[in-house]
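K.L.:
Numbering (this note's numbering), first residue to last: 88 to 332.
Put into structure tokens, the structure is as follows:
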């Protein structure tokens, strides 16, 4: 647990010497905190409760942050333009277009199998195989007032399979308004949301599962096996995890 006394009156964390507060050498366009991965979840939750002027996001370790910043710079798309394009992108229309343009994504050969376990919150603060918290992770304090807009400033985009920035923004807005989903962790090829109001009926979960299949096909092809399993896993799930490897 994070001791509330570690926070200043305005909600900024007060880090002792062994939790260095610093600026990243990759010239991050926002303030960053470095801390042990084991402390990331409680620190993130406390920051979200105390600060309304920023959205805290875990960027993995320093190397992962640097890679994400390089990806953002290479995209050459500023916040206002990304936000504008995201607002102009309708999720339902994009999903229909995706069904037409990439039908293979929706062809599910694996129909059997068990419902997968929902990932633990902040998986990106842990080593991928051992699930042991990383020795050090970076939390970026992204200066934004509306949580869904955070992906207009930072987004995954490390491979050709990753949706374009405006698509990330459109889904973030749609899922925030419907489920209270907020991006909590970002790397070049992975993204995690915390979810305040997850679906509570199978019908709603099936609709969400189809959206997630369009957005990130591997959540079905490499994880759940079929849309029905994914829908069951999404029922009351407080964490969503996506990857584009």
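All residues carry an ideal CB built from backbone N, CA and C; glycine is no exception.
Is residue 256 near residue 239, with beta carbons less than 8 Å apart?
P.N.:
By 1-based counting over the chain shown, the position of residue 256 is 169. By 1-based counting over the chain shown, the position of residue 239 is 152. Yes.
K.L.:
Just list the beta strand (DSSP E) runs in the stretch 135–202, keeping only unbroken ones of 3 residues or longer that don't cross its boundaries, in chain order.
P.N.:
142–145
K.L.:
Among residues of its own chain, excluding the 5 on either side of residue 310, which ones have a beta-carbon nearer than 7 Å to its beta-carbon?
P.N.:
Position 223 of the chain shown, counted from the first residue, corresponds to residue 310. So the list reads 203, once near-sequence residues are dropped.
K.L.:
Considering residue 301, what are the terminal residues of the alpha helix (DSSP H) in which it resides?
P.N.:
As a position in the chain shown, residue 301 is number 214, starting the count at 1. Residues 289–302.
K.L.:
Starting from the C-beta of residue 272, find all residues in its chain whose C-beta is less than 8 Å away, skip the five residues before and the five after it, and write them out in chain order.
P.N.:
The sequence position of residue 272 within the chain shown is 185, counting from 1. Contacts found: 144, 145, 146, 147, 209, 210, 211, 212, 278, 279.
K.L.:
Using a Cβ-Cβ cut-off of 7 Å (strictly less than) and excluding sequence neighbours within five positions of residue 206, which residues of its own chain qualify?
P.N.:
Position 119 of the chain shown, counted from the start, is the residue given in the question as residue 206. Cβ neighbours of residue 206 beyond the five flanking positions: 326, 328.
K.L.:
Output the boundary residues of the beta strand (DSSP E) element that contains residue 228.
P.N.:
Locating residue 228 in the chain shown gives position 141, counting from the first residue. Run containing residue 228: 224–229, per the beta strand (DSSP E) assignment.
K.L.:
Check whether the Cβ atoms of residue 215 and residue 331 lie closer than 8 Å to each other.
P.N.:
Stepping through the chain shown from its first residue, residue 215 is reached at position 128. Stepping through the chain shown from its first residue, residue 331 is reached at position 244. No, Cβ-Cβ distance for residue 215 and residue 331 is not below 8 Å.
K.L.:
Look up residue 281 in the DSSP assignment and give the residues it is bridged to.
P.N.:
For this step, residue 281 is matched to residue 194 along the chain shown. For residue 281, which the question treats as bridged, DSSP gives the partners 269, 326.
K.L.:
If you reduce the DSSP assignment to three classes, tell me which class residue 118 lands in.
P.N.:
The residue labelled residue 118 in the question sits at position 31 within the chain shown. Correct three-state label for residue 118: strand.
K.L.:
Relative to the alpha-carbon of residue 290, which residue among 176, 299, 319, 156 has its alpha-carbon at the smallest distance?
P.N.:
Here residue 290 is taken as the residue at index 203 of the chain shown, counted from 1. Among 176, 299, 319, 156, the Cα nearest to that of residue 290 is on 319.
K.L.:
For residue 287, is the classification buried or exposed, using 16 other Cβ atoms within 10 angstroms of its Cβ as the cut-off for buried?
P.N.:
Taking the first residue of the chain shown as 1, we reach residue 287 at position 200. Classification for residue 287: exposed.
K.L.:
Thinking C-alpha only, which one of 226, 222, 178 is nearest residue 250?
P.N.:
Numbered from 1 along the chain shown, position 163 holds the residue referred to as residue 250. For the residues 226, 222, 178, the minimum Cα distance to residue 250 belongs to 178.
K.L.:
Would you say residue 226 and residue 141 are within 8 Å of each other, going by their C-beta atoms?
P.N.:
Your numbering for residue 226 matches position 139 in the chain shown. Your numbering for residue 141 matches position 54 in the chain shown. Their beta carbons are not under 8 Å apart, which means residue 226 does not touch residue 141 by this criterion.
K.L.:
Rounded to whole angstroms, what is the Cα-Cα separation between residue 171 and residue 160?
P.N.:
On the chain shown, residue 171 is found 84 positions in, with the first residue counted as 1. On the chain shown, residue 160 is found 73 positions in, with the first residue counted as 1. C-alpha separation (whole angstroms): 18 Å.
K.L.:
Pick from 217, 190, 233, 127: whose alpha carbon is nearest that of residue 268?
P.N.:
Numbered from 1 along the chain shown, position 181 holds the residue referred to as residue 268. The option with the nearest alpha carbon to residue 268 is 233.
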